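For the sequence shown, the numbering used here puts the final residue at 218, and the numbers step up evenly by one.
Heads up: the structure comes next, in structure tokens.
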Amino acid sequence: MVGLQGCLLDATPDEVAVGPVGQGLMRRHLDARSWVDLRPHWVSGADALFADLAAGVPWRAERRQMYDAIVDVPRLVAFHDGSGHFPHPALGVCRDLLTAHYAAELGEPFVTAGFCYYRDGRDSVAWHGDRIGRSRSEDTMIAILSLGAPRTLALRPNGGATAYRAKAGHGDLLVMGGACQRDWEHAVPKTATATGPRISVQFRVAGVR
Ligand SMILES: O=C(O)CCC(=O)C(=O)O
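In structure tokens form, the structure reads like this:
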């Protein structure tokens, strides 16, 4: 079952319910142009959503060139262009609530969903900004729903030292906004600490990756 705020009090652990974006939302300004919003406990029934996405998303392993070798990308990924149904109806609710909440600041709807599956602490993503499309030259937002084991999302000014570490937990929402994709880089570092799997769902506007 998927619901909005009204279902939160009644939801059983296997019912997925999405709360209002603005409730408990905290903004951290990284500098004058860039910020991160964190909204703890945005989605309840996150165990059920995690299980459905783990089983239902068409995960694929990627390989990429690194110097003169082809290496495995250390996580599984998938992408949904936003047409038709997402792999779980709760994600459509998430996208619509994000679009409504950020309409004035963003000026366009969230459309696509990227999916990452970090199987354990050895999976990671290296420093990067999401700079494909207009995000190379214009402000945008990336809204991340985090499910499963909490992992650190580290941020640093381009090429600089880590300046902020966010830890999004099971069902939490993290949004990077302003010039964050141009002026800053983010990463999910590997960890030697025993850690379970994590799924992140990244909502983006059309044409941004
Ligand atoms: O998993 C995350 O929270 C971040 C994912 C990310 O940065 C990306 O896929 O570009």
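Don't be surprised by glycine CBs; every beta carbon is placed ideally from N, CA and C.
All figures in this text were calculated on a predicted structure; none of them were measured in a lab.
Asked	Found
Alpha carbon of Ile153 to alpha carbon of Pro49, nearest angstrom	12 Å
Length-filtered (3 minimum) beta strand (DSSP E) runs lying within the region 32-65	35-38 and 43-48
Where Ser209 sits in the DSSP three-state scheme	strand
Residues near Arg218 in its chain [Cβ-Cβ closer than 7 Å; skip 5 each side]	Asp139, Ile141 and Gly142
CB-CB length for His94 against Gly65, believed under 8 Å	His94 to Gly65, Cβ: 11 Å. No contact.
Validate contact between the region 172-185 and the region 82-93 using beta carbons, cut 8 Å, 3 pairs	no
Per DSSP, cross-strand counterpart(s) of Gln74	Ile79
Cβ neighbour criterion (16 or more within 10 Å) applied to Gly31	exposed
Contact between the region 99-106 and the region 167-179 (3+ Cβ pairs under 8 Å)	no
Residue range of the beta strand (DSSP E) that includes Arg104	It is not in any beta strand (DSSP E) - Arg104 instead sits in the alpha helix (DSSP H) that spans Pro98 to Leu115.
Three-way DSSP call (helix, strand, coil) for Thr204 in this model	coil
DSSP three-state assignment for Arg160, whether helix, strand or coil	strand
Of the residues Leu39, Met35, Leu106 and Glu194, the one placed nearest Gly46, counting alpha carbons only	Here residue 46 turns out to be Asp, not Gly, going by the sequence shown. Ranking the options by Cα distance to Asp46, first place goes to Met35.
Own chain, CB closer than 7 Å to Ala158, minus 5 neighbours either side, in chain order	Thr204, Gly205, Pro206 and Arg207
For Gly186 and Glu147, the rounded distance between their alpha carbons	11 Å
Selected residue, minimal CA-CA separation from Ser92, among Val82, Val120 and Ala41	Val120
Residues whose Cβ lies closer than 6 Å to any heavy atom of ligand 1, in chain order	Gly123, Cys125, Val134, Asp139, Ile153, Leu162, His195, Val197, Ser209 and Gln211
Enclosing alpha helix (DSSP H) for Arg145 [first to last residue]	No alpha helix (DSSP H) contains Arg145, which DSSP labels as neither H nor E.
Residue from Gln190, Thr108 and Arg160 with nearest C-alpha to Gly130	Arg160
Best match in Asp77, Thr171 and Arg165 for proximity to Ala188 [C-alpha to C-alpha]	Arg165
Residue from Glu117, Arg104 and Thr171 with nearest C-alpha to Val210	Arg104
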